[in-house]
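Residue numbering for the sequence shown follows full-length UniProt numbering, starting at 1 and increasing by one per position.
The beta-carbon is built from N, C-alpha and C at its ideal position, and this holds for glycine as well.
What follows is a set of notes on a single structure, which appears directly below.
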Amino acid sequence: MVVVIAAAAGGVALENGAADGFLAARVRSALQHVLGDDLAADLQGATIRIAADGKVELRARGVSIRRAADGTPVAGLRTIDLALAPMPLLSGNIAVEGLVVDGISLDPETLGSGEPITLDSLRVDGLPDMMDRVFAGSDRLLRILDGGEVGRIEVTDTRIASAGAGSPPIDIAEADLTRGTDGTVRLSGTLSAGGAPARFTARALPGKDGRHIASMAFDLEGFDTAPLMLQRAPDGTPIRGVATDLALKAAATRKGDDAAPALTARLSLSPGQFYAHETAASIKGGTVDLAYRFDRKSIDIRPSSVSIGQSRFPFTGGIIDLSNLDTMTGNGFALDLVSNGSSVLPLDSGEPPVSFNAKILARYLKGSRELSFKQLSVSTPLGSLAGSLEIDRGGRSPEISFAGTLKGMKTAAIKQLWPFWLGVHARQWVMNNLYGGAITNGSIKVYIPQGKIAESGGKLDLDENEFSIDFDYADARLNVAGDIPPLRDAKGHFRLRGPHLTVSLDQATGYFPTGRTVDISKGVFAIADTDKHPVMANLDITVAGEAAAVAELVSYEPIDALKRTDFSAKDFSGDVVSRVHARFGLIRDQNPPPPDWHVEATLNGVDLAQKVDGRAFTDLDGSLTVDPDKAVLDADARIDGIPMHVALTRPLGTDSPVERAQVVTASLGTAAQKALMPGLATIVDGPIDMTMREVAPDTQAVSADLKGAKITIPGLEWTKGAGIPATVSLTTHAGGKGDIAIRDFTLHGSGFSVKGAIDIDDGHFTNAHFSDVRLSERDRFAATVKRDGAGFEVDVDGTTLDARSVIEGLHGSSGAKSEGAATPVRIDADLDRLYGFNGEKLEGVHLSYAGAGKRIDRLNLSAKTSGGAVISARTDVAGPTRDFTLATGDAGTLARFADVYGKLNGGRLTARLSRTADGPYRGTVDIRDFSIDRENRLNSIVSMRSPHGQSLRDTTGEPLDLSEAEFQRGFTRLTFGNGSLAVADGVLRGTRIGATFQGTVFDPNGQMAITGTFMPAYGLNRIFGEVPLIGAILGNGRDRGLIGITFKLTGKVSSPDVQINPLSVIAPGVFRRIFEF
């Protein structure tokens, strides 16, 4: 139209001459004639001037075109220059050689003589009318060109305002309008929209009558779309949009008598880039063929295609006004697209290309600028997808809402169809880590609020309310983390909420290069924020299988649980169920923090091939927890074959802040004790409940319940019997070659305690120092015990010692150990007081003893009774013979002390015994000036009646009260050894009674067999017995008494039976032997 105006102005100037005011009025009138009644033209002025080349030019300045009805500006022209030929002027004629129009500015919405052209006013069925208007304008131009002599019109510096907010204007730097010899009107030049200039050519061909344009064509090549279709960041980095060169070929044929109307266009895309979310995809090229269907009042999208990367999208379709459809309503357009045989292959998917068919049915409403995809379906051989899309173009940027569902699709298909700009990092994870299998129950939802795209800058971050994907997957291969081999036959659920990715793993199987396998279940892989750097992931899975396989899994990066240990996967056997927790970075180039992981394993019959602290761990049942700093074991196990419960903590790595710890509890029998704590068998015999706690490497704090065990303190001959409650605590320090130093030894029970230290050398007891020994309430002493060959050396020093247990050991009957099996002991003791039985004690005790069991090899004793009587004992050794001597001035105290006989008072005792080799002791015992109190068996003897009815007391006619009997002397020969004591030539002499005796005091079976003669009024009988002949006839033989009774003690030593023969009272002494037993 502008070109028409320029041509008309030139024509008027040539017709009427040129002079300033008059010329301006004539130009304005001519322009108005050309524009018609709808538009009005104004100009600031017109002049004639001589150009620099000497030619005469006619110039119209400040031309403006407006709508006549409301004055709305339509176009502006800075100047119109007409170049006049000089030669015709010399002859008085005017000829225009050229026309130059400069500085045209246009508003595309107001072009034309009808209503303003806007998107809301556009209709598909209005294209024929618009085409007619263009042809009419072209006819007007043709008439102007035909009516003058202008062969060329040049247009410079033209700007067409942008049709959309924010879009750059279209600049036409230069254009030439010419009329060819064949009548063709040709317009060519360059245009741009903020980018590189593109060449265009428009051609209009007159019809047969030469007065009307019959057809037109328009070609545009190399149009840079980036300024119009590409958004950049402030630093120039492409953000989103298209950067490609566009070519357009359009053609129109006017309806005529022999021609049907036609309107076609072809858009061609050159190789370029498609940007979304700062990510680029290569545009390989594309074509869009359009044709208007006059019969259907629609635009056909003929077979077209676009190629992006390795993907190709052929399509056909159509565009029609909604008012021309029965299935839709509203003021707008309907778009129908069908794609058959498309193929998609993102370069990062790692999958073969997927072919698919797609169908889109959309509606665009002009007023609200809403674009609704009512049908959006994709069908592939691997499954199908259906969805809907709503786009509201109000605001700075559109509101977009998309919802899609899929009932079944192969994993490869969803990877190929997932747009690369949507959920970029989550998509990348799926591309790299999910393979094979099928997807079901899938859904995708996208909601982008109005203005968010505009406000997002270069990065469109959608939160959990704006973007979500869900689907179930099965029979898939899944990479979970680091170097862990892919999990196969995986089944679970994928969940994406904005940047939050969660992959649930119901079941899977891990196959390792070693051939081992594990079962995976109840797993979760999660990335809290896929857009945050560094990208951190959380893994939580349950792993079950053979112990070596589970160990192999946790040996891979990023867990690498065995890295800081001396173990490898092959060192484990048995069954394990493990819960693995890990947090780690996914991209090493982002320099994430070190992985943080936690493994909780349930062990079932697990054996360790390598020893732990030198001990074999097998049959582990319990839990093992491992993290980067420590390993914690809490399990029942066999340690060196011994059943125990162990709770241990081991720091991992030299930089671990965790302290080493270990607690072992066990119920140990004697054999187990010997294996676990060699050397303690000397002390402990029987089951114990033990707790062993590690306080430092090779150092253990041990506590034990000893109720079920027999406890013997080496060298002290003290024993706690089984069943008596007792506890012990101690600390062991392990050295090399089975050396153990036991410190802080504390044995405690009801009424007894021992504290000290013990040394074990090469698994054997060597020595002990007991600093505080209280084996009874009266004990206050210390003892040092040293191993001496098969026996012990004992040094005792202290205030008091209760010797009753030692004395009981010496009293032991046949149940005691034989001398050959007894442990040799050497004892040196210095004590203030030595307590015995019956409340008796010895003071100032100095003892040197050597012996084994009842065998006394050496005895040197010096002490005093509480009454001040001296006690001395010694042993002299000459070759195989041992001579034992005991002397005391208070035999009764010593007897009560030793619990030999409690009714003896006083008495000077001298005992001399000898022993050769391992034979019995033989010797004599002589005691003088003593008494026996409250011995009921004496009264029983004198009170027992004969068959004739008389007792010894009745016969003598004396009271014979023997509750207290005094004796001047007691004597016997004895043989002691092999568990028995025999006496011979025994005699007791007192003022009122006397007796002779012989026999066995006790035998190995604890039995007694003593016989003898009892004589009342011993003093008188003895006088008669000293008279020659009378004593021989009437006396009692060797007893020398005149009258007496015979007796016999038999049975258990503790309670013997007493038998007497009262008839011996009246028989002559020489016949006494008849009645002796």
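For TRP718, the enclosing beta strand (DSSP E) begins and ends at 718-720.
At the C-beta level, LEU263 and LEU127 come within 8 Å of one another.
By the CB criterion at 8 Å, PRO271 and GLY285 fall inside the cutoff.
Boundaries of the alpha helix (DSSP H) around LEU676: 670-676. Counting only residues of its own chain and dropping the five nearest sequence neighbours on each side, ILE587 has a CB closer than 7 Å to the CB of PRO534 and VAL535. Ranked by Cα distance from SER305, the first of PHE333, GLY341, ASN591 and THR405 is GLY341. Non-local beta-carbon contacts of ARG312 in its own chain, meaning distances under 7 Å to residues more than five positions away in sequence, involve SER305, SER342 and SER343 in chain order.
With 16 or more other CB atoms across the displayed protein chains lying within 10 angstroms of its CB, ASN1061 is buried. Under the three-state reduction of DSSP output, HIS212 falls in the coil class, being neither helix nor strand. Judged by their CB atoms, LEU371 and SER388 are not nearer to each other than the 8 Å cut-off. The continuous alpha helix (DSSP H) containing LYS452 extends over residues 452-455.
The segment 784-797 makes contact with the segment 822-836, as at least three CB pairs between them are under 8 Å.
PHE897 sits in a helix when the DSSP states are folded into three classes. Taking all protein chains shown into account, ILE50 has fewer than 16 neighbouring C-beta atoms within 10 Å of its C-beta and is therefore exposed. Annotation: the continuous beta strand (DSSP E) that includes HIS500 extends over 500-511. Here LYS841 has ARG833, LEU834, TYR835 and SER866 as same chain residues with Cβ atoms under 7 Å from its own Cβ, once five neighbours each way along the sequence are excluded. Contact holds between the segment 388-407 and the segment 445-454, because three or more Cβ pairs, one in each stretch, are under 8 Å apart. In the DSSP assignment, ASN331 is bridged to no other residue. The continuous stretches of beta strand (DSSP E) do not include THR411, which lies in the alpha helix (DSSP H) extending over residues 411-417. Membership of HIS425 in the alpha helix (DSSP H) is indicated by the continuous run 424-433. The Cβ atoms of ALA551 and ASP519 do not sit closer than 8 Å to each other. In this structure, THR542 lies near SER521, with their beta-carbon atoms less than 8 Å apart. Sequence-distant partners of VAL288 (beyond 5 residues in either direction) whose C-beta falls short of 6 Å from its own C-beta, in its chain, are LEU267 and SER304.
Fewer than three pairs of CB atoms, one per stretch, sit closer than 8 Å, so the segment 249-260 makes no contact with the segment 222-233. With a 10 Å radius around the Cβ and a threshold of 16 neighbouring Cβ atoms, THR181 comes out exposed.
For PRO227, the enclosing alpha helix (DSSP H) begins and ends at 226-229. A check of alpha carbon separations from THR784 across LEU716, PRO725, LEU801 and ILE683 identifies LEU716 as the nearest. Rounded to the nearest whole angstrom, the C-alpha separation of GLN968 and PHE930 is 7 Å. Distance check between THR1013 and each of ASN978, ASP470, GLY1051 and VAL1058 places VAL1058 closest, using alpha-carbon atoms only. Taken through DSSP and simplified to helix, strand or coil, LYS570 comes out as helix.
A residue is called buried when at least 16 other Cβ atoms come within 10 angstroms of its Cβ; MET87 does not meet this threshold and is exposed.
The alpha carbon of PHE494 has as its nearest neighbour, out of ALA474, PHE512 and MET644, the alpha carbon of ALA474. Residue ranges of uninterrupted alpha helix (DSSP H) with 4 or more members, entirely inside the segment 537-564 and ordered along the chain, are 547-553. Between THR190 and ILE104, the CB-CB gap reaches or exceeds 8 Å.
DSSP places ARG858 in the uninterrupted beta strand (DSSP E) bounded by 855-865.
In the DSSP assignment, THR972 forms a beta bridge with VAL925.
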